[in-house]
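Reviewing the structure listed below.
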Amino acid sequence: MDGYRVISINDTSEAERYIREIGAEELGIKLMVPKAVFRAVKIQSLPAPAAGILKQEMLAKGGEAAVNRCTITGQGRTDVLLLGTLRQYQLLIDKLKLQPFGLKKLAAELERVLQNMESGSRVKLNLPSGLQPVHGGKTLIMGILNVTPDSFYDGGRYLEVDAALNRAREMVEEGADIIDLGGFSTRPGASPVPPEEEIRRVVPVLKRLKQEMPEVPVSVDTFVAVTARAALEAGADIVNDPGGLKADPEMASVVAEYGCPVVIMHNRMGGGYRDLMAEVTADLRDAIGLAVERGISEEKIVVDPGIGFGKTAEENLTLIRNLGELRSLGRPILLGVSNKSFIGRVTGDPVEERLIGSLAAAVIGVMNGAAIVRVHNVRETRKALLMADAIMEASHG
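Residue numbering for the sequence shown follows my numbering, starting at 311 and increasing by one per position.
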């Protein structure tokens, strides 16, 4: 024996690569890959009878299932933590499809979620100019262009059309793939902006952008449907909705009508989370369902965990650390951390000195699954993410 090493296998593509390098038979590779990937799946509030059956079936497949000790009484509800390989889940799902107590529906959901975890990091979103945000490939950078007097970082700098256009051109030269144009501030305490004023700020800049840089996709940052419609008429390619399609009941219909990509941001004002990751994931899953019901193609949806919106500094850190859990939704993840207050809480830096903290948060977010990052400091972020992307694409050794 020349030595040994402990390796990490995160998905089926990595499992196949390692097994193939050994020189295994093709049939053996096919059989072994699902046995090499381990997943822990937490299910919330399952009726005790269903949880009991689920535990028995998972144990029979060689996996594990943690349930509340009181489940044996058959009364009440319990969370369930399933522990097993993809092969064990395959066998479990086949059996659950034959079971009562809603387990048939759970089987379909488990199948979908586990598949999303395998494909979510490689999911594609068709954007203008052929851009394809793919985690593990080139991470896309969305450059922030606020044509507002009161945004927390760059308020008042780009109120004139020429100034805004020059900044957009500068960001594209620095490596921005998308320009995100906003006509209102989402910072806490910002004054509300009438839609007419928001449109007045955004549309002239947008028209010039599309005239002079037609190859650059532009997203409009708004939760107001009439603003989104005006921007789409003026040439916007994407709607970036910080209201998550809930702030304006007409937003989903506008997006569906134009068939454009949409960023659905998580934004539960007031907070009060009991299980942060479970609730953010569930809220975004519901928002995707709403979007599809209203006629939006699921392939056009990007999700955003809403860093800094209705969340404490600690909750923001937790979201970034566990961002990979959102891959279960099967949609590209956009992350916006640039210069936000939670960074200042950690580093003690004022808003104008949060670049290093912003870069650290962006890199960790990308390593955990973000396909697009929304930033103020494009040049520095591009260099940091070139490095992050290269590391993720490096040989497994």
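Note that CB positions come from ideal geometry on N, CA and C, so glycine has one too. Computed from a predicted model, the values in this text were never measured in an experiment.
Nearest-angstrom Cα separation, counted from residue j out to residue i
i: Ala-418; j: Gln-425; result: 11 angstroms
i: Val-564; j: Gly-581; result: 28 angstroms
i: Gln-354; j: Ala-592; result: 10 angstroms
i: Met-311; j: Ala-670; result: 40 angstroms
i: Ser-651; j: Ile-317; result: 37 angstroms
i: Lys-365; j: Gly-599; result: 29 angstroms
i: Ala-334; j: Glu-589; result: 42 angstroms
i: Ala-544; j: Phe-619; result: 29 angstroms
i: Glu-625; j: Leu-516; result: 35 angstroms
i: Asp-699; j: Leu-356; result: 39 angstroms
i: Gly-313; j: Ile-332; result: 15 angstroms
i: Gln-409; j: Ala-597; result: 29 angstroms
i: Pro-615; j: Gln-400; result: 30 angstroms
i: Arg-330; j: Gly-386; result: 47 angstroms
i: Glu-635; j: Leu-594; result: 12 angstroms
i: Asn-649; j: Gly-394; result: 39 angstroms
i: Val-613; j: Lys-345; result: 30 angstroms
i: Ser-668; j: Phe-411; result: 47 angstroms
i: Pro-666; j: Tyr-328; result: Reading the sequence as shown, one finds Ile at residue 666 and not Pro. Answer to the nearest angstrom: the Cα atoms are 36 angstroms apart.
i: Tyr-463; j: Asn-436; result: Because Tyr-463 carries a pLDDT of 49, less than 50, the predicted location of this residue cannot be relied on, and the following value inherits that uncertainty. Whole-angstrom Cα-Cα distance: 30 angstroms.
i: Ile-477; j: Arg-518; result: Per the sequence presented here, residue 477 reads as Arg, with Ile not at that position. Going from the Cα of Arg-477 to the Cα of Arg-518 covers about 13 angstroms.
i: Gly-658; j: Ala-360; result: 49 angstroms
i: Lys-286; j: Glu-421; result: As shown, the chain starts at 311 and ends at 707. That puts residue 286 outside it, with no answer to give.
i: Glu-606; j: Gly-640; result: For the sequence presented, residue 606 should be read as Ile rather than Glu. One C-alpha to the other measures close to 15 angstroms.
i: Arg-664; j: Lys-415; result: 46 angstroms
i: Pro-660; j: Leu-369; result: 53 angstroms
i: Val-573; j: Val-673; result: 20 angstroms
i: Tyr-583; j: Leu-337; result: 47 angstroms
Residues near residue i by beta carbon distance below 6 angstroms, same chain, minus five either side
i: Leu-391; result: Lys-352, Ala-376
i: Met-481; result: Gly-453, Val-688
i: Gln-398; result: Lys-371, Gly-372, Gly-373
i: Gly-675; result: Ile-630, Leu-633, Leu-645
i: Ala-378; result: In the sequence as displayed, the identity of residue 378 is Asn instead of Ala. Same-chain partners within the cutoff: Thr-388.
i: Val-503; result: Phe-494
i: Val-423; result: Ser-638
i: Met-579; result: Gly-620
i: Val-602; result: Glu-608
i: Leu-475; result: Arg-518
Expected contact under 8 angstroms - CB spacing of residue i and residue j to nearest Å
i: Ile-561; j: Ala-538; result: Going by the sequence as given, residue 561 is Met instead of Ile. Contact holds; Cβ gap of about 6 angstroms.
i: Asp-558; j: Met-575; result: In fact, because the Cβ distance is near 13 angstroms, the residues do not count as touching under 8 angstroms.
i: Leu-396; j: Val-347; result: 5 angstroms
i: Lys-405; j: Glu-367; result: 5 angstroms
i: Thr-622; j: Ile-451; result: With a Cβ gap of about 27 angstroms, Thr-622 and Ile-451 do not count as contacting.
Selected residue, minimal CA-CA separation from residue i, among the options
i: Glu-470; options: Ile-617, Val-343, Met-427, Arg-510; result: Arg-510
i: Leu-413; options: Asp-659, Gly-384, Gly-362, Ile-451; result: Gly-362
i: Phe-494; options: Gln-409, Leu-455, Arg-518; result: Leu-455
i: Thr-381; options: Ala-358, Val-343, Leu-369, Asn-632; result: Ala-358
i: Thr-496; options: Glu-484, Gln-521, Ala-478, Val-534; result: Val-534
i: Val-536; options: Val-673, Tyr-568, Lys-407; result: Tyr-568
i: Thr-628; options: Met-587, Ile-606, Glu-663, Glu-324; result: Met-587
i: Val-685; options: Glu-336, Ser-323, Glu-484, Leu-420; result: Glu-484
i: Ser-429; options: Ser-323, Ile-319, Val-457; result: Ser-323
Cβ shell of residue i (< 8 angstroms), same chain only, five flanking positions each side left out
i: Cys-570; result: Leu-542, Ala-546, Asp-547, Ile-548, Val-549, Lys-610
i: Met-427; result: Asp-321, Arg-349, Arg-637, Ser-638
i: Glu-326; result: Ile-339, Val-343
i: Asn-577; result: Pro-552, Gly-553, Gly-554, Lys-556, Ala-557, Gly-616, Phe-619, Gly-620
i: Arg-315; result: none
i: Thr-449; result: Pro-443, Val-676, Ala-680, Ala-681, Ile-682, Val-683, Leu-695, Ala-698, Asp-699
i: Gly-384; result: Ala-358, Pro-359, Gly-362
i: Val-656; result: Ala-623, Leu-627, Gly-667
Own chain residues within Cβ distance below 7 angstroms of residue i, not counting five before or after
i: Arg-604; result: Ala-562, Ser-563, Ala-566
i: Ala-540; result: Ile-509, Val-513
i: Asp-585; result: none
i: Ile-319; result: Ala-325, Tyr-328, Ala-346, Val-347
| Cβ contact check for the segment 645-655 and the segment 675-685: 3 or more pairs under 8 angstroms | yes
| Does the segment 471-487 come close enough to the segment 500-509 that 3 or more CB-CB pairs lie under 8 angstroms? | Touching, no.
| task | Decide yes or no for the touch test of the segment 518-534 against the segment 487-497: beta carbon pairs closer than 8 angstroms, at least 3 of them. | result | Contact between the segment 518-534 and the segment 487-497 is present, because at least three Cβ pairs lie under 8 angstroms.
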